[in-house]
Structures are given as C-alpha cells and as structure tokens.
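The structure appears right after this line, and notes come after that.
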Amino acid sequence: MVEFPLFGIINAKGASNRRPFISFPMIDGEIKIIENAVRGKASAFGLLYDHYQPKIYRFVLIKVGRREDAEDLTHQVFINAWQNISNYKDLGFPFSSWLYRIARNQVIDRYRTKKPEISLDEVNEESFAALGINEENIDDKIQIELVMKALKELKEDYQDILVMRFVEDLSVRETAVAVGKSEGAVKLMQHRAIKELKKVFDTLD
Amino acid sequence: METTELLKKLKNIKPDTDYSRKSRMVILSNDLKESRLPVLSFSFRQIATGVLHSGWSMALTAVFLLLAIGSFSILKILTPATTAVVDITGLRAEAQAIDARIELTNIVYNPSADIENKTSTSSITTPNAEPQKATARRTDDEAQQNAADVAGSAKSAPEQPAFGIDSALDILSR
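If you're matching them up, the sequences are chains A and B in order.
Counting in this note's numbering, the first sequence runs from 1 upward without gaps.
Counting in this note's numbering, the second sequence runs from 1001 upward without gaps.
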C-alpha cells in the first residue's frame, strides 16, 4: 500500500487559486479531468493516463534499466493511482507529483534488495531495444546509454531529482513534493547531483 | 557537451505503443469499487429509490396505527351493552357476603382452637398480648355481626350437630 500524506480529496475551488507555480505542461482543463477521475470516471482517468504514462515510464525505465520491468512497474503505478484516486487531494501540487511519488515508492518496493545494472559493454541493437530506445542515430543511442549508466552511479535521490528537473522539466516545487523534501533541499541536492554526475562522466570517458 | 544537455537526451525514451494501449485497456477496465465512493455516487435514481423506500415504510406504519386505533374504537362502540349489565354495588355486596360466610364457617369448624387461644392469651402474658387481645375482640365483634346476619337464613336449615352455631355464638359472647 502506498501512502500519500500530502494528498486527499480534491478541492476544486481552492485548486484554481493554488496553482501558480506549475511549470509542467498540463492537459487542458486538467482540474476538471482530475475531478471526474476522482469521481470514478474511467474516461477522465484515461486522459490522465495518456498524458502522464510516457513520462512515468521514462522515469521508471531510467531507474530500473530494463524495459520489461519498467513496463510492469509503470502499469502498477497507474493501477495504484486508479485504485487510490479517491484519496487524491489537490493542495496546490500537480497531479504529476502524485504519480511520481507512487512511481518512486513502487520502484523502491521492487528493488529494495536488488539493484539493476547496465553495462556499457552490453551496448548493442538488442540492448537498446530492451531499453525501449528508438533513436535512429547511433551516437544518440550511445549517449543515452552513457547517461543512464552514469545516473546509476548516483544516489537514488540524486537520480530522481536530476531526472525530474532536466528530463521531465518539473519545477523545484513539484520535484520537492514528489521526493518529499523541501525546495531548499532539492536545490542543494540538484547542485550536488550535477557535480557528481560530471565526475562520473569524467571517469567513464 | 553540458551535463544537463546530456540528460535531456533521455527525453527520447518512449514506451512501446502496443504495450501502452494494452496497459491502458487493462487499467480502465478494472472498475473502481462502488463502496469507495459512497458520497459522490448519488444519482437521481438512487435518491428516488430511497424516497420510495422511506415512503413505503411510513405509509405502512400509518396503516398499522390506524388499524390499532380503529379497532380500539370499534370495540368501545360494540361493547356498551355488556358493560351496562354489570351492577357494581350488587357485586360488592355479594363479595362481602361471601367473605362473611367464610369467616363464619371457620368459626364453626375451629371452636376448640378458639377456646384454646382465649385461654392461652389470658394465662400467658407476652409483650404483644395487648394487640392480640384487641385483634381477638375485633374478630369476635365481626363474628357476632355476621352471625346475626346469617341467623335468619339459618333458621330453616336442618339441625346442626351438638356443637353448632348457637354454641359457637355463646362461646364468642363470653
């Protein structure tokens, strides 16, 4: 069971006044869609799924490194979200933060003991396919593999913050909500994470 | 290349469309439990059904109340004749007479016990002797009165044994 201490029942009136910091691209009329999804409308949740599933999948894949696991976990994330959507409370934070939070917990639960590994030696057409990377350019493919390998060398929190901030373009506030830390802590961790990642790139080169 | 620029390359990762379609279908076909949304699931039909249910129960209660009150009134209308026949004073007098006869009968059949009682109360002085005497006196008076009432009717009765009513009265009058 995933806990969502920051979320509860949606409050549409307050929500419209409490969304000034959102940088994440939202669906048109997302508040209304979320309200309908909270009421149990599958079609509304379908819209949310279409919009957020690729992002959650990407986030999970970067963390777990295997396409099958990422697909399985992403599926579980959305099942959990759908089953617990009545507990969702809009406190001014975006829906995506809630989903990322579920995804993080899901990955932590799955890989509490086992840490997946990706080796650069395995870089070939097959491994790219296994990652779900459809890039035509081989250089891009290698770079993607390299970044993923480098990210794996970082702490879990650093990985999450870098992916949320630079891959998913979440604001500091949204990232802070998703990882359960203060905005100041996120800024500090982001700075450290970039430094760490640079070091890792240097060693890989 | 900048580190952040490298990170942005990861945006090219996309899920398989076939997987996404299947996953979506499975998740959305997984219906939410109705009990999860009790407050938000009110529909016009549910409200109407609720109103009908409560209406029916209220109507049935009203019918039962009417039947209960109505039957009581009908009983009251139908039974005055039977209640009018009853003579309360007559019944009371009859009851008193029956009472007297019983006491008298007791006196008739237990004369020796009465004598013994009298002798014992006079010979033995107990702390509650006075109340006992008073009680005995009261019963004697009552017995006399009852005996006088019955005397008329007892005249035509067949002769009593040797220790009859007269001797009992005689004992009592002492």
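Ideal placement from N, C-alpha and C gives every residue a C-beta, glycine not left out.
Please read these numbers as outputs of a predicted model, since none were measured by experiment.
- In summary, the residues of the region 1006 to 1035 of chain B whose CB is separated from some CB of chain A by less than 7 Å are 1006, 1007, 1008, 1009, 1010, 1011, 1012, 1013, 1014, 1015, 1016, 1019, 1020, 1023, 1024, 1027, 1028, 1030, 1032, in the order they occur in the chain.
- Look at residue 27 of chain A here: in three-state DSSP terms it is coil, with no helix or strand label.
- Residue 200 of chain A sits close to residue 153 of chain A, with the two beta carbons spaced by under 8 Å.
- If you compare the alpha carbons of A:138, A:172, A:82, A:145 with that of residue 189 of chain A, the shortest gap goes to A:172.
- If you draw a straight line from the Cα of residue 57 of chain A to the Cα of residue 1057 of chain B, it comes to about 55 Å.
- When the five nearest sequence neighbours on each side are left out, the beta carbons in the same chain lying within less than 8 Å of the beta carbon of residue 104 of chain A are those of 160, 178, 179, in order along the chain.
- For residue 143 of chain A, the residues of chain B that pass the 7 Å Cβ criterion are 1006, 1009, in the order they occur in the chain.
- Contact annotation for residue 107 of chain A against chain B: no contact, minimum CB-CB distance about 15 Å [criterion: below 8 Å].
- 166, 167, 194: these are the residues of the region 165 to 196 of chain A whose beta carbon lies less than 7 Å from some beta carbon of chain B, given in chain order.
- With fewer than three CB-CB distances shorter than 8 Å, the region 143 to 158 of chain A does not count as touching the region 26 to 45 of chain A.
- By the C-beta density criterion, residue 1045 of chain B is exposed, having fewer than 16 other C-beta atoms within 10 angstroms.
- When A:142, A:196, A:192, A:202 are compared, the shortest CA-CA separation from residue 1013 of chain B is found for A:142.
- About 16 Å separates the beta carbon of residue 59 of chain A from that of residue 186 of chain A, a gap too long to meet the 8 Å contact definition.
- As summarised for the region 127 to 185 of chain A, the continuous alpha helix (DSSP H) elements at least 4 residues long and confined to that stretch are 138 to 152, 156 to 162, 172 to 179, given in chain order.
- Pairing residue 140 of chain A with residue 39 of chain A, the inter-Cα distance amounts to about 43 Å.
- Here the C-alpha atom of residue 1047 of chain B lies approximately 11 Å from the C-alpha atom of residue 1054 of chain B.
- Residue range 95 to 110 is occupied by the alpha helix (DSSP H) that includes residue 109 of chain A.
- Secondary structure note for residue 65 of chain A: it is in no alpha helix (DSSP H), with a DSSP letter that is neither H nor E.
- In this model, residue 64 of chain A and residue 1052 of chain B are separated by some 56 Å (Cα to Cα).
- Taking 7 Å as the upper bound on Cβ-Cβ separation, chain B lies near residues 46, 49, 53, 54, 57, 58 of the region 46 to 59 of chain A.
- CA-CA distance, residue 93 of chain A to residue 51 of chain A, rounds to 17 Å.
- Residue 61 of chain A sits away from residue 81 of chain A, with the two beta carbons spaced by 8 Å or more.
- For residue 1165 of chain B, the uninterrupted alpha helix (DSSP H) segment begins and ends at 1165 to 1173.
- Contact between residue 95 of chain A and residue 30 of chain A is confirmed by a C-beta separation of about 7 Å, below the 8 Å threshold.
- In the three-state scheme derived from DSSP, where H, G and I count as helix and E and B as strand, residue 1005 of chain B is classed as helix.
- Distance from the CA atom of residue 1061 of chain B to the CA atom of residue 36 of chain A, rounded to whole angstroms, is 41 Å.
- The residue among A:102, A:166, A:155, A:84 with its C-alpha nearest the C-alpha of residue 74 of chain A is A:102.
- The closest CA to that of residue 1024 of chain B, considering only A:27, A:71, A:66, A:28, is found on A:71.
- The beta carbon of residue 1049 of chain B sits no closer than 8 Å to any beta carbon of chain A.
- At least one CB of chain B lies nearer than 8 Å to the CB of residue 198 of chain A.
- Comparing C-alpha distances from residue 1019 of chain B to each of A:156, A:195, A:49 shows the shortest one belongs to A:49.
- Looking at the backbone, the Cα of residue 192 of chain A and that of residue 55 of chain A are separated by about 24 Å.
- Residue environment: residue 165 of chain A is assigned as buried (16 or more neighbouring CB atoms within 10 Å of its CB, all protein chains considered).
- Residue 1008 of chain B places its beta carbon 8 Å or farther from that of residue 144 of chain A.
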